[in-house]
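In this note's numbering, the protein residues as written are 100 to 862.
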């Protein structure tokens with residue numbers, strides 16, 4: 100019979116009667132292809148029934164399974180029948196030009212069947228290109244992390260400085276407990292002088308992020324260093340609907356100017372490539388909030404063929420600067436001595452630059468192979484002051500931090516069916532870095548006074564993982580295995596000389612095994628349950644192996660353990676359920692994480708202070724409703740109880756409640772509306788204090804007609820008075836008053852209502 104189609108959950112297989120020996124040869128590989136796709140998360144995981152028929156070619160893309168039926172030849176390995184737009188439309192599309200197409204005399208048709216990948220766990224999230232394009236508050240790529248349910252980011256400085264990330268009861272500082280990558284390139288900076296695991300996404304042009312893929316917890320075999328709370332990958336690309344050449348200009352109420360030139364060919368050999376240039380300057384809503392940057396980012400597809408796969412090259416360059424207003428005393432604001440938007444200093448701030456080159460090869464056939472070679476050059480500098488004159492009553496407590504590094508790495512991921520219902524999952528990575536870093540006390544004229552750190556560092560990370568993915572029953576997919584990570588450090592301390600005239604040299608090697616297991620059971624096409632266990636790891640920063648660095652004055656010396664160079668282990672579990680009919684998706688997840696050594700940043704010493712064991716118990720709920728093809732409502736809520744195990748005290752800065760609600764409208768008439776409400780509960784601060792709750796509303800409205808698009812973006816629509824950063828530590832800013840080492844509340848004001856108007860012209 101002609102064109103028989105059989106549904107298996109969301110997967111659609113097309114089959115026809117045999118048409119000759121050539122068709123038999125072409126379909127010989129189909130069982131392994133469909134088995135691999137099922138184990139990878141497409142469909143309910145049932146044993147694929149293979150029909151005899153003509154050329155049927157299935158290719159797995161990162162988010163979608165594409166099957167082609169017909170006589171036009173196979174899809175290129177690693178390629179797509181067309182540029183898939185984040186997998187947001189999962190309905191099968193079949194284009195059959197002739198009912199006689201199954202017969203030898205009329206073999207001239209092609210049918211493409213698309214099936215969206217199932218999330219491996221209930222907490223896994225994919226933010227597609229349409230939601231990114233409609234989202235408000237996207238001043239930089241850092242803000243794209245806000246689109247992940249359960250994530251809050253806080254910029255306690257000016258745009259361009261790494262943001263503070265909150266996820267599942269973790270205050271991940273600038274990235275200490277969240278692994279962030281861009282197209283697979285790791286962005287966390289181990290042993291950065293400003294913060295271990297520092298994440299700076301200023302080099303990423305937001306219009307070039309095609310989707311954001313995130314999951315919580317260290318549950319997958321390829322989760323490595325820093326993935327304690329979760330991992331986020333920004334995938335680069337320009338979707339079909341936005342390809343072409345365009346120029347963009349944006350003007351903001353804070354005298355913000357941003358220009359963008361983007362070229363992404365629609366056809367020809369470069370139809371999957373892009374090149375963009377960005378320049379931005381923003382005076383900021385208040386003193387100390389100025390920022391500017393220039394960036395270039397491009398990706399070119401060098402080769403695509405069935406035999407080799409896809410090879411692409413990514414290049415990026417970025418340079419920027421930013422202000423650092425510092426935290427002011429809340430009491431001074433409440434008494435009227437200072438305006439809440441005042442800056443502690445107007446001469447503090449920093450600069451950041453980065454260059455990246457990456458070569459990637461992908462091949463998706465019977466199995467999947469992806470490997471990537473990359474190199475990064477990095478330069479970072481910041482001058483900041485939190486404590487005024489507390490430590491040095493004469494010159495003040497400004498500190499200058501300088502960090503220069505060159506890193507290179509290699510990443511490999513490989514999966515292959517071993518037998519019916521069984522797949523090998525393996526891979527590895529290597530990353531090496533050469534670092535020079537200093538921290539120096541400077542005075543009001545920025546003259547150097549005392550050098551606190553002056554280090555030369557060589558560090559390496561070698562990791563490998565291996566496991567099995569097994570589908571023992573229809574709808575059930577299990578994955579288990581382990582990873583092994585090795586870290587080596589060579590540190591030269593130019594500040595200490597055990598041998599007179601010679602710097603101190605220290606080496607350390609650390610090894611850590613991490614078991615991981617997860618399971619997903621789709622007992623109907625709409626209902627899925629999942630569970631997972633994983634042991635996470637956070638390697639120490641290089642300066643911790645020196646065994647020096649006494650606590651600064653006015654800090655609790657018993658809490659400082661900077662000379663303990665060991666890997667911090669965490670054990671995490673989660674169990675979730677997801678209900679996903681065609682028009683909605685709802686999920687509920689319960690989770691727990693136990694960390695054997697908590698790190699809390701101390702603003703007086705400028706160091707991460709090692710504390711005792713901690714645990715986080717909580718749950719998160721998410722909802723997405725699509726009543727019409729062009730309207731999406733969404734929302735999420737995360738509640739966490741984060742405490743130290745021994746004392747039962749709450750963990751400082753860990754948010755107990757976090758939520759958001761959003762509306763996305765993409766009307767066919769060219770009108771786009773994105774509205775989002777953000778809420779953050781009161782957080783515990785050190786020494787028993789608590790922060791204020793935060794609630795913000797952001798709005799974006801766009802209209803496109805022909806080649807012209809106009810955007811209006813309103814951040815903090817209701818003009819709420821809020822604090823982007825709140826802390827509790829000792830300081831002495833006003834020397835006319837008596838010095839006190841007692842902790843006091845501090846704040847950094849959040850932006851009031853700000854407006855941005857953008858115009859885009861497609862050429």
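In this text, a Cβ means the ideal position worked out from N, Cα and C, and glycines have one as well.
| query | result |
| --- | --- |
| Buried or exposed, going by whether 16 or more other CB atoms sit within 10 Å of the CB of residue 682? | exposed |
| Rounded to the nearest angstrom, what separates residue 369 and residue 334 at their Cα positions? | 18 angstroms |
| From the DSSP output, in three-state form, read off residue 503 for me. | strand |
| If you drop the 5 nearest sequence neighbours on each side, which residues of the same chain put their C-beta closer than 6 angstroms to that of residue 455? | 415 and 475 |
| Report all residues from its chain with a CB closer than 6 angstroms to the CB of residue 511; omit the five preceding and five following residues, and keep chain order. | 470, 526 and 527 |
| Reducing DSSP to helix, strand and coil, say where residue 327 ends up. | coil |
| Just how far apart, CA to CA, sit residue 154 and residue 406? | Below a pLDDT of 50, predicted positions are generally treated as unreliable, and residue 154, at 47, falls in that range; no measurement from the model is reported. |
| Count the other CB atoms, across all protein chains shown, that sit within 10 Å of the CB of residue 606; report buried if there are 16 or more and exposed otherwise. | exposed |
| Does the region 746–766 come within contact of the region 781–788, defined as at least 3 CB pairs closer than 8 angstroms? | yes |
| Kindly indicate which three-state DSSP category residue 433 falls into: helix, strand or coil? | helix |
| What does a CB cutoff of less than 6 angstroms around residue 579 pick up in its chain, not counting 5 residues either side in sequence? | 566 and 616 |
| Identify every residue that forms a DSSP beta bridge with residue 265. | 251 and 270 |
| Cβ of residue 697 within 8 angstroms of Cβ of residue 721? | no |
| Grouping DSSP H, G and I as helix and E and B as strand, with all else coil, what is residue 241? | helix |
| Leaving aside the five residues before and after residue 445 along the sequence, list all residues of the same chain whose C-beta is less than 7 angstroms from its C-beta, in chain order. | 386 and 387 |
| Does the beta-carbon distance from residue 427 to residue 460 come in below 8 angstroms? | no |
| Could you give the DSSP three-state label for residue 231: helix, strand or coil? | helix |
| Apart from the five residues on each side of it in sequence, which residues of its chain come closer than 6 angstroms, Cβ to Cβ, to residue 737? | 249, 719 and 757 |
| Are residue 514 and residue 467 close, meaning C-beta to C-beta below 8 angstroms? | yes |
| Put residue 825 into one of helix, strand or coil per three-state DSSP. | strand |
| Roughly how many whole angstroms lie between the Cα atoms of residue 260 and residue 623? | 46 angstroms |
| Give a yes or no on whether the C-beta atoms belonging to residue 842 and residue 828 are separated by under 8 angstroms. | yes |
| Label residue 542 either buried or exposed according to how many other C-beta atoms from any shown protein chain fall within 10 Å of its C-beta, with 16 as the threshold for buried. | exposed |
| In chain order, which continuous runs of the beta strand (DSSP E) of length 3 or greater are located wholly inside the region 498–579? | 498–518, 521–541 and 547–572 |
| Roughly how many angstroms separate the alpha carbons of residue 251 and residue 244, rounded to a whole number? | 8 angstroms |
| Less than 8 angstroms between the beta carbons of residue 270 and residue 262, yes or no? | no |
| With DSSP collapsed to three states, give me the class of residue 586. | strand |
| Measuring only the C-alpha atoms, how far is residue 867 from residue 485? | Not covered by the structure: residue 867. The range shown for the chain is 100 to 862. |
| Would you mind working out which of 551, 235 and 627 sits nearest residue 573, comparing C-alpha positions? | 627 |
| Once DSSP output is grouped into helix, strand and coil, what is the label at residue 644? | helix |
| Taking 8 angstroms as the cut-off, decide whether the C-beta atoms of residue 798 and residue 349 are in contact. | no |
| Do you know how far the Cα of residue 322 is from the Cα of residue 277? | 10 angstroms |
| Can you give me the start and stop residues for the beta strand (DSSP E) that residue 594 sits inside? | Here residue 594 belongs to no beta strand (DSSP E), and DSSP marks it neither H nor E. |
| By the three-class DSSP mapping on this structure, what secondary structure does residue 340 have? | helix |
| Could you name each continuous beta strand (DSSP E) segment of 3 residues or more that falls completely within the region 726–810, going from the start of the chain to the end? | 730–743, 756–765, 770–779 and 793–804 |
| So is residue 124 buried or exposed if we call it buried at 16+ other beta carbons inside 10 Å? | Bear in mind that a pLDDT of 43 at residue 124, under 50, signals an unreliable position, so the number given afterwards is only what the model happens to contain. When all chains shown are included, residue 124 counts as exposed. |
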